[in-house]
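Here is the structure we will look at, set down as structure tokens.
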Amino acid sequence: MLLATLLIDYPILRNALSHAPGVTATWEQSDLTADGDHRMLVWIDGDDDERAAFEAGLEADPTVTASLQTAAFDDRWLYQLELTPEGTEASVYPTVIEEGGVLQEASVTHEGWFFRVAFPSDEALERFHGFFLERGFEVDVRKLRDTRESAGGGDARSQFGLTSRQREALVAAVEVGYLDIPRSCTLAELGERLGISQNAASERFRRGVETLVENTVYDDRSP
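According to the working numbering, numbering within the sequence shown proceeds without interruption in unit steps and concludes at 223.
In structure tokens, the structure reads:
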């Protein structure tokens, strides 16, 4: 799969959120009805004043209608929204479905949408990207990660983007005690375990850690 992380100047809910700039809306689910209507569940995070401002903004938002609050948990509220014809025209969700994509995460503030999507091929990703460009929406591609096996017979990528050698180095570091406090293994001994030099072990370990952090806990929403 190709994993893409993007920030997009995408119009759905942007007007509503301009009334509540402290609110983040997190996509939960989309459904296409037999009549072609697009319904969407979103979580709203904020206090009572921010929620009230968001609801007031919904009244003026041309992309959504028929909002319904369906659940509330502390400072989180789940809303069911129906897209207007304008919102449906702007919606990328049907394209994701048609291309066999998996929408892993989507959230929006008054500044724009954050998407993390998995696609089965380069062509599917290109068509997804082209959907926005054709409509004049600004797209900032933050990260692309290919988890498929490389065509040249190189290392397969794990679900975290690690090569098999990077994964081997990280696992060995744990097994031999390189990450213990205090350490019970030196970098030279780690290299010996891996059958490589100390410098090569250091580089492989550091690159593995960097890749793991970038693809797990690193917040790529930031500029």
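Using N, Cα and C, we set each Cβ at its ideal position, and we do this for glycine too.
If you draw a straight line from the Cα of Arg-207 to the Cα of Ala-52, it is about 46 Å long.
In this structure the segment 1-20 lies against the segment 53-64, because at least three pairs of beta carbons, one per stretch, are closer than 8 Å.
In its chain, beyond the 5 residues on either side, Leu-6, Ile-8, His-129, Phe-132 and Leu-133 have a beta carbon closer than 7 Å to the beta carbon of Val-139.
For Thr-65, the three-state secondary structure derived from DSSP is strand. Within the segment 119-192, the runs of beta strand (DSSP E) at least 3 residues long that lie entirely inside it are, in chain order, 139-146.
In this model, Gly-100 and Asp-47 are separated by some 37 Å (Cα to Cα).
With a cut-off of 8 Å on Cβ pairs, the segment 73-87 is in contact with the segment 29-46, counting three or more such pairs. According to DSSP, His-38 shares a beta bridge with Leu-32.
Straight across, the Cα-Cα distance linking Arg-127 with Ala-4 is about 13 Å. Your pair Gly-177 and Ser-184 checks out as a contact, with CB atoms roughly 3 Å apart and the cut at 8 Å. Counting only residues of its own chain and dropping the five nearest sequence neighbours on each side, Ala-173 has a CB closer than 7 Å to the CB of Leu-179, Leu-190 and Phe-205. Judged by DSSP secondary structure, Thr-109 falls outside any alpha helix (DSSP H) and instead within the beta strand (DSSP E) spanning 102-109.
For the pair Glu-214 and Phe-115, the Cα-to-Cα distance works out to about 16 Å. Your pair Val-96 and Phe-54 does not check out as a contact, with CB atoms roughly 25 Å apart and the cut at 8 Å. Val-209 and Val-217 have their C-alpha atoms roughly 11 Å apart. Of the residues Val-141, Ile-181, Phe-137 and Lys-143, the one whose Cα lies closest to the Cα of Ser-91 is Phe-137. The Cβ neighbour count for Leu-170, taken over all protein chains shown within 10 Å, is at least 16; the residue is labelled buried. For Gly-112, the beta-bridge partners assigned by DSSP are Thr-109. Taken through DSSP and simplified to helix, strand or coil, Leu-6 comes out as strand.
Each residue's CA atom was taken as its position, placing Gly-161 and Gly-57 some 40 Å apart.
In this structure, the beta-carbon distance from Asp-146 to Leu-2 falls below 7 Å. For Glu-203, the enclosing alpha helix (DSSP H) stretches over residues 198-214.
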